[in-house]
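Q: Pasting in a structure now, in structure tokens, and then I'll have a few things to ask.
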């Protein structure tokens, strides 16, 4: 049960769509950054390419 559904369902507008989009992009970028960090830690070769 999500508390937002009670007030959010009646006004399902552009704001909720924008919020979903921002959340999706944020989660995707977070996974991408964590993926890169783990790879850099495992193999020091990527760190050499950056600098």
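Residue numbers (my numbering): 103 to 153. By construction, the Cβ of each residue, glycine as well, lies at the ideal position given by its N, Cα and C atoms. What you are looking at is a predicted structure, and each value in this text was computed from that prediction instead of being measured.
#1: In whole angstroms, give me the CA-to-CA distance for residue 143 and residue 115.
#2: For residue 115, does the three-state DSSP call read helix, strand or coil?
#3: Residues in its own chain within less than 7 Å of residue 134 by CB, not counting five upstream and five downstream?
#4: Determine the direct distance from the alpha carbon of residue 141 to that of residue 129, and round the result to whole angstroms.
A: Looking at the atomic coordinates:
#1: The residue given as residue 143 occupies position 41 in the chain shown. The residue given as residue 115 occupies position 13 in the chain shown. Answer to the nearest angstrom: the Cα atoms are 43 Å apart.
#2: Locating residue 115 in the chain shown gives position 13, where the first residue counts as 1. Residue 115: coil per DSSP, three-state reduction.
#3: Residue 134 sits at position 32 when you count from the first residue of the chain shown. Once the five neighbours on either side are set aside, residue 134 has no close Cβ partner at all.
#4: Against the chain shown, residue 129 aligns to sequence position 27. Against the chain shown, residue 141 aligns to sequence position 39. The alpha-carbon atoms of residue 129 and residue 141 are separated by roughly 18 Å.
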